[in-house]
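Structure record follows, encoded as structure tokens.
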Amino acid sequence: MLKIAVLVSGGGTNLQAIMDGIAQGEIRDTEIVLVLSNNPGAYALERAKKAGIANICVSPKDYADRKDFNAAMLAKIDEAAPDLIVLAGFLVVIPSEMTAKYAGRIINIHPSLIPSFCGTGYYGLKVHEAALARGVKITGATVHFVDEGTDTGPIILQKAVEVQDDDTPEVLQRRVMEEAEWKILPKAIDGIATGSIPYGKAVKKG
Ligand code: GRF
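Numbering-wise, the sequence shown is residues 64 to 269 according to the working numbering.
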């Protein structure tokens, strides 16, 4: 059984896709052992509560500095002893002690086809605003392993999505979520759980 901790900051639609995937058997042999958010108002926490999944908020506002926050977050994750950490819209910089301790065992969903529109400052709607400003005809989503960089780890899965002429950032974001994110994130977790996608020490550097 693959034990996963899902880290969230917002609405939790990717978390919901994982929960639904497990319930419907699309994600095999997997259990969510913790949902952790930095944002007490994240609706993702409500989703976890409704599903009876262990959930916690570790907010930077409750700690004297970033070092104390990072230590508290890592301690809560270690307590849950996950095999895999899934960043599902988590808007916190992952500390180097965490990427080192969980090397090859942290994955992230990014709402573009990396290496386009990624890196520092590219998150949420900003990604889609940049894609529309550049005029790309195809965008999409990427699941990748998390290393010490931002959106720089080895790519696991990608899925392309067409951009329509009259798209607003909000409309494009929704299409990328529906047609790409909510499909490839569950698929990646299922692949790791069933052994078709190597993880941990087996991950080759990107
Ligand atoms: C989504 O846009 C996702 O691509 C990005 O963060 C946002 C979170 O969405 N990683 P949700 O909280 O999963 O609904």
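All C-beta atoms in this analysis are idealised placements derived from N, C-alpha and C, irrespective of residue type, glycine included.
Determine the DSSP secondary structure at residue i, reduced to helix, strand or coil.
{"i": "V234", "result": "helix"}
{"i": "N118", "result": "strand"}
{"i": "F208", "result": "strand"}
{"i": "I219", "result": "strand"}
{"i": "K246", "result": "helix"}
{"i": "A68", "result": "strand"}
{"i": "G263", "result": "helix"}
{"i": "E225", "result": "strand"}
{"i": "T93", "result": "strand"}
{"i": "T202", "result": "strand"}
Can we count residue i as close to the ligand GRF, meaning its CB is less than 7 Å from some heavy atom?
{"i": "H173", "result": "yes"}
{"i": "L78", "result": "yes"}
{"i": "M240", "result": "yes"}
{"i": "Q221", "result": "no"}
{"i": "G74", "result": "yes"}
{"i": "Q227", "result": "no"}
{"i": "V109", "result": "According to the sequence displayed, residue 109 carries Glu and not Val. Answer for E109: no, Cβ out of range of the ligand GRF."}
{"i": "Q236", "result": "yes"}
{"i": "G198", "result": "no"}
{"i": "G187", "result": "yes"}
Taking a contact to mean a Cβ-Cβ separation below 8 Å, would you say residue i touches residue j in this structure?
{"i": "V69", "j": "I95", "result": "yes"}
{"i": "G189", "j": "V226", "result": "The residue you asked about is not Gly; residue 189 is Lys in the sequence shown. Against a cut-off of 8 Å, the Cβ pair of V226 and K189 comes out as no contact."}
{"i": "P145", "j": "L97", "result": "yes"}
{"i": "G75", "j": "A105", "result": "yes"}
{"i": "N133", "j": "P158", "result": "yes"}
Would you check whether the ligand ATP has a heavy atom nearer than 7 Å to the C-beta of residue i?
{"i": "G263", "result": "Questions concerning the ligand ATP fall outside what the structure shown contains, since the ligands it does hold are the ligand GRF."}
Out of the options, which one is the CA nearest neighbour of residue i?
{"i": "Q236", "options": "G88, L147, G203, S179", "result": "G203"}
{"i": "G245", "options": "A151, Y185, V209", "result": "The sequence shown places Trp at residue 245, rather than the Gly named in the question. The candidate whose alpha carbon is nearest that of W245 is A151."}
{"i": "A107", "options": "F153, K267, D146", "result": "F153"}
{"i": "D194", "options": "D125, D230, H207, E160", "result": "Note that residue 194 is Ala in the sequence shown here, rather than Asp. Here the closest residue by C-alpha is D230."}
{"i": "N118", "options": "S100, A144, G84", "result": "S100"}
{"i": "S179", "options": "P103, G84, T215, V149", "result": "T215"}
{"i": "S259", "options": "Q221, R91, D83, E211", "result": "R91"}
{"i": "E89", "options": "M136, G254, P123, L147", "result": "G254"}
{"i": "A223", "options": "Y165, A86, H173", "result": "H173"}
{"i": "Y262", "options": "M240, I116, V206", "result": "V206"}
Extract the residue ranges of the beta strand (DSSP E) inside the segment 136 to 198, only unbroken runs of 3 or more that lie entirely within it. Taken in chain order, the whole beta strand (DSSP E) runs of length 3 or more contained in the segment 136 to 198 are 147 to 150, 169 to 173.
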